[in-house]
Amino acid sequence: MPKHNAEVAAVFSKIADLLEIENANPFRVRAYRNAARLIQGLSRDLGEMVERGEDLRDLPGIGEDLSKKIVEILETGHCRFLEQLEKQEPPALTELLQVPGLGPKRVKALWQALQVESLEDLAAAARAGRIRMLPGFGEKTELHILELLTAHLSRIPRVSIAQAAPVAEDLLRLLRSVPGVQEAVVAGSFRRGQETVGDLDLVVTARLDSPVMERFVHHEDVAEIFAQGPTRATVVLRSHLQVDLRVVAAESFGAALHYFTGSKSHNIAIRRRAQGLGLKVNEYGIFRGKERVAGETETAVYAAVGLPYIEPELRENRGEIEAAALGKLPHLVQEEDLRGDLHCHSAASDGHDRLEDLAAAAQARGWEYLAITDHSRALRVANGLDPLRLRRQMDEIDLLNGKLRGFTLLKGCEVDILEDGSLDLPDALLRDLDIVIGAVHSHFDLPRARQTARILKAMDHSAFTFLAHPSGRLIGSRPAMDLDLPRIIRHARERGVFLEVNAQPQRLDLPDIQAQAAKEEGVLLAVNSDAHSRFDFDHLRWGVLQARRGWLEKKDVLNTRSLPELRTLLAQTRR
DNA sequence: GCCGTTTTCGGCCCGACTGTTTTCAGTCG
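Quick note on the working numbering: the first sequence kicks off at 84 and runs consecutively.
Pasting the structure below:
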């Protein structure tokens, strides 16, 4: 089984963990971590790059040694260096590093002195009071470790950004009501629009005498206070979500917001750039010696290092700093750019609303069009439409369009791609539709070659418009299908069809990096709500964020086109 | 382990909070 980017990144992360426990040169550890992060965020397949004879050393942070290790992992599925490390230290130690509060030094000390190799060992040692005996540890640390462990075991995995949003908004309301508070905003991965967030980072500006810190940590939703100082606090909510609060003076707001928005690797790159200019960047501002040269706004922070403002969604150190320096940042698509939605369900299949209610809600959002795309017959659990029912719906849409003014319902269907790659409805019927969405809803576990061939075949159908939720993943519950996605993206370009960025928060599919790869290939993407009721159009907020993270501009998104432009593009997919 | 309009060697981002250290290490973001 050939290895792919994610596996290579996992090997490098594990090496970094084990090296860190070994007390290796921290910069060597960082080199592995940086490489893991780079590879995780790469829009291209390493295996394919190697096949094409590209030099991996052209990737920033990859040199002679790591390049060889990547090739070794891709070709053999193993990494001898990792296996060697695992002979010296139990691989399970890296699991201990996942416990917040336990770092490499403590893990190593616990292992060497008490033979603690797993979470169970750790709990047993703490309960037996053996940890407090170790040098550098004390009674409080021992109790703290037990608490950390309990918190870790009961922790929720990263929550979807859509779930975190109402929590964040409640907290902001609370903070803004505290006397002396000027601004309160969310930073961190939430502000960058990541599909899931591990915690919430809040930045507040307040007068020195504001009781904001006290009010925050003693808020009724707070279950536990992990740390609290005059400017910074970490708490865990009853919902198990961790929240960090940072309070700064107004003059430092931009610097603090920039610092806490991250990402970490973007910040490091900005700081290195600042260093080269004789400047120092921290959360209080940008300094030349003792003199503050910026800090009040993010725009000023970027200007101080000679860059234009960089949108938070781009701050992943995936080329945005270089693009900014060249004046080549993308003008990211916005929700207001959308003229309609090309994927939604009515009560005819598994949606909740009638066509006229969906149309009214869409028109109220200022859109020009909405495609009705109920499921096809194979998806029985969703009450998929057979040819007769779909024909009836098409007639109903014609009638409705006769009454609508300045708005059009498009006739579509989300057709199942069957196991053999054929589509679930007769060709003649599909050709009478405006939009034919191909989608996989079954046989997610076919081998890579068959799964890829199945989808390529479906895309070749003469009526095919775009591929819905191409990876098939459900965040946190179902992994992406094993697919040659670069090949599917290339095929979409050659065949002249489109791909989807599905905005359902549990899907967000294509994900950011793959959406960017499609853009680079010149494939248009439809950012769709996949609404099952008129309220689900709000999902587009998350889809647009994901699209922005993929560097998509208005011109890259199919449903930013006016209806006549859209019809022209749709006609070109037919053959 | 990577990298280079000053470098092929000597650098590599920066500060807050906690606990046990009597002056700072460990961890985190």
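For every residue, glycine included, the Cβ atom is placed at its ideal position computed from N, Cα and C.
Query	Result
Those residues which DSSP pairs with residue 494 across a bridge	455
Spatially closest choice to residue 467 from 497, 102, 442, by CA coordinates	497
Beta-carbon proximity list for residue 352, same chain, < 7 Å, skipping 5 on both sides	400, 404
Whole-angstrom distance between residue 244 and residue 273, CA atom to CA atom	6 Å
Sequence-distant residues of its chain with Cβ nearer than 7 Å to residue 306 (five each side left out)	319, 320, 321
Residue(s) in a DSSP beta bridge with residue 609	583
Spatial distance of residue 298 from residue 317 (CA atoms)	13 Å
Rounded distance between the beta-carbons of residue 617 and residue 433, thought under 8 Å	At roughly 15 Å, the Cβ-Cβ gap does not stay under 8 Å, so residue 433 and residue 617 are not in contact.
Cβ pair residue 521, residue 541 closer than 7 Å	yes
Residues that DSSP places opposite residue 363 in a beta bridge	370
Buried versus exposed, by CB contacts within 10 Å (16 or more), residue 118	buried
Within 7 Å, strictly: CB atoms of residue 510 and residue 501	no
DSSP-derived helix/strand/coil call for residue 437	coil
DSSP three-state assignment for residue 243, whether helix, strand or coil	strand
Start and end residues, alpha helix (DSSP H) containing residue 478	470-486
Residues bridged to residue 597 (per DSSP)	Paired residue(s): none; residue 597 is not in a bridge.
Three-way DSSP call (helix, strand, coil) for residue 43 in this model	Only positions 84 to 658 of the chain appear in this structure, which leaves residue 43 out of reach.
Same chain only: Cβ atoms within 7 Å of residue 492, ignoring 5 sequence neighbours per side	438, 442, 453, 455, 480, 483, 484
Nearest-angstrom beta carbon gap, residue 285 and residue 247 [assumed within contact, 8 Å]	Residue 247 to residue 285, Cβ: 12 Å. No contact.
Rounded C-alpha distance that separates residue 266 from residue 236	35 Å
Rounded straight-line distance, which links the Cα of residue 340 to that of residue 288	10 Å
Segments of 4+ residues assigned as alpha helix (DSSP H) that fall wholly inside the region 275-332	295-300
Supposed contact pair residue 174 and residue 180 - C-beta distance, whole angstroms, cut 8 Å	11 Å between Cβ atoms; not a contact.
Same chain, Cβ closer than 6 Å to residue 149, five either side skipped, listed in chain order	118
Residue nearest to residue 450 in terms of C-alpha spacing, selected from 623, 200, 134	623
Status (buried if at least 16 other CB within 10 Å, exposed otherwise) for residue 626	buried
Nearest-angstrom beta carbon gap, residue 293 and residue 269 [assumed within contact, 8 Å]	Incorrect: roughly 19 Å between the Cβ atoms, too far for contact.
Delimiting residues of the beta strand (DSSP E) encompassing residue 265	264-269
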